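First the structure, in the form of structure tokens, and then the observations on it.
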Amino acid sequence: MALTYSNMMALGTEAPDFALPDTVSGVTMTFADIAGRAGTVVMFVCNHCPYVKHVNPELVHIARDYAPRGIGFVAISSNDIEHYPEDAPEKMKAVALEVGYPFPYLYDESQGVARIYQAACTPDFYLFDAARRLVYRGRLDASTPGNGLPLNGQDLRAAIDAVISGSSVAARQDPSMGCNIKWRA
7 MALTYSNMMA LGTEAPDFAL PDTVSGVTMT FADIAGRAGT VVMFVCNHCP
57 YVKHVNPELV HIARDYAPRG IGFVAISSND IEHYPEDAPE KMKAVALEVG
107 YPFPYLYDES QGVARIYQAA CTPDFYLFDA ARRLVYRGRL DASTPGNGLP
157 LNGQDLRAAI DAVISGSSVA ARQDPSMGCN IKWRA
């Protein structure tokens with residue numbers, strides 16, 4: 007594992023579209039399919055990363071808290087499965103069911119979606135408003151494996167609350183950190 011930080015895509019960027027298979031349902035989904043009426047959270051995650059494993063419970067809580075309020079959620083894995091077979095689609099499905107993801111878990115086989123989103127690490131979070139403009143990118147909260155800080159989703163929750171209320175999202179946005187995306191050679 008190489009500790010990596012978010013690239014911090016430019017705020018205001020329009021959400022890049024995608025068409026990726028959901029590993030649970032088998033249905034190909036686009037951004038429009040997962041978009042919420044108030045906003046949309048796109049998360050780059052994977053199965054094996056200890057940082058993702060650490061935040062998984064809060065990802066489920068946040069999605070359950072905010073989906074009824076008009077926020078769409080999607081998780082995407084873009085890792086090279088030849089060298090990281092634990093991130094293969096059938097194993098993604100098993101993890102999604104085990105953890106109880108209340109959102110689609112899509113597989114980016116070409117890694118093209120991760121590249122266009124400038125994703126660098128797992129987990130990596132992007133929040134788009136109702137107009138599909140990027141208003142937040144960065145970390146879930148300050149908690150990481152072993153640092154003893156509470157896992158509460160504070161940073162992402164504050165950004166989502168601002169989007170729902172029509173307020174400005176805080177200008178200070180700390181990058182996410184975790185395992186690097188496993189790019190194919």
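Numbering-wise, our numbering puts 80 at position 74 of the sequence shown, and it's gapless, one number per residue.
Backbone N, C-alpha and C fix where the C-beta goes; we use that ideal spot for every residue, glycine too.
None of the values given here were measured: they were computed from a predicted structure.
Under DSSP, the beta-bridge partners assigned to N186 are C127.
Considered as a whole, the segment 14-62 harbours 25-27, 34-36, 45-50 as its complete beta strand (DSSP E) runs of no fewer than 3 residues, in chain order. In the three-state scheme derived from DSSP, where H, G and I count as helix and E and B as strand, Y72 is classed as helix. A191 and S173 have their C-alpha atoms spaced approximately 43 Å apart.
Distance check between F50 and each of L155, E20, P110 places P110 closest, using alpha-carbon atoms only. Per the coordinates, the alpha-carbon of N85 lies some 8 Å from the alpha-carbon of E115.
Assigned with DSSP and collapsed to three states, L103 falls in helix. Here S83 is bridged, per DSSP, to Y113. Counting C-beta atoms within 10 angstroms of its own C-beta, A125 has 16 or more neighbours from the protein chains shown and is therefore classed as buried. In this model, T29 and V47 are separated by some 18 Å (Cα to Cα).
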